[in-house]
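A.B. asks:
Residue numbers (my numbering): 19 to 237.
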């Protein structure tokens with residue numbers, strides 16, 4: 019039997035956002051004369067929310083007040099440029115349509131700020147998801163189970179009937195903490211070796227394989 023709900027990470031799973039994230043990060047760093055990063059280097063910093071991204075990107079020992087200024091600059095720039103190069107990964111939009119056609123509820127749970135989630139979901143996936151959740155002040159962020167359980171409550175599906183899909187070790191830990199299975203996609207921001215080392219049990223290389231893993235799970 020297929021899962022009743024599929025809960026997706028966003029960055030690196032549904033959308034390739036890395037260039038826009040990297041440009042916004044480097045823009046913010048440049049405003050304060052801080053060293054910048056390559057896109058590949060930024061890949062290894064994302065996954066835990068933008069506050070953690072900026073915390074890890076600024077030079078070690080940067081005062082908290084200055085970190086907050088860099089973060090504010092990042093958010094302002096990213097809000098205006100989150101759609102510059104971002105696009106869905108190949109086959110992802112069709113995959114969501116196939117899942118919904120079979121009755122699977124679809125949700126997004128991301129550590130990206132909630133305002134950015136709304137913009138991206140409306141632009142790329144309007145009407146295709148039952149619920150989308152970004153980082154909110156009143157909820158813990160992944161890998162805590164709280165945001166996944168909150169999303170499942172909104173779509174009225176129990177954890178035992180859901181699966182989580184993501185591209186990073188953060189997503190694997192999120193699924194484990196939420197007591198739901200995890201499907202790890204290999205097209206995102208982490209190498210397959212990193213996913214396996216983090217305990218990945220189901221790896222998929224294409225959107226079609228992802229759909230099959232959701233509709234025909236090996237429970």
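No residue lacks a Cβ here, since even glycine has one placed at the ideal position from N, Cα and C.
1. Mind checking residue 19: buried by the 16 CB within 10 Å criterion, or exposed?
2. Per the contact definition of three or more C-beta pairs closer than 8 Å, is the stretch 189-198 in contact with the stretch 155-169?
3. What first and last residue would you give for the alpha helix (DSSP H) that runs through residue 72?
4. Roughly how many angstroms separate the alpha carbons of residue 204 and residue 224, rounded to a whole number?
5. Span of the alpha helix (DSSP H) holding residue 215?
6. Between 136, 28, 131 and 109, which lies nearest to residue 156 when the distance is taken from Cα to Cα?
7. Please report how far the alpha carbon of residue 107 lies from the alpha carbon of residue 33, in whole angstroms.
8. Hey, how far is the Cα of residue 105 from the Cα of residue 206?
9. Can you give the Cα-Cα distance for residue 209 and residue 83, rounded to whole angstroms?
10. Hey, residue 72 and residue 46 are a contact pair by Cβ (cut 8 Å); roughly how many whole angstroms apart?
C.D. replies: The structure says:
1. By the neighbour-count definition (other C-beta atoms within 10 Å, threshold 16), residue 19 is an exposed residue.
2. Short answer: they touch.
3. Residue 72 -> alpha helix (DSSP H) spans 68-75.
4. Taking the straight line from one Cα to the other gives about 8 Å.
5. Looking at the DSSP string, the run of the alpha helix (DSSP H) that includes residue 215 is 210-215.
6. Its Cα nearest to that of residue 156, the residue 131 stands out among 136, 28, 131 and 109.
7. So the alpha carbons of these two residues sit roughly 6 Å apart.
8. About 13 Å.
9. Approximately 34 Å between the Cα atoms of the pair.
10. About 7 Å; that satisfies the 8 Å criterion.
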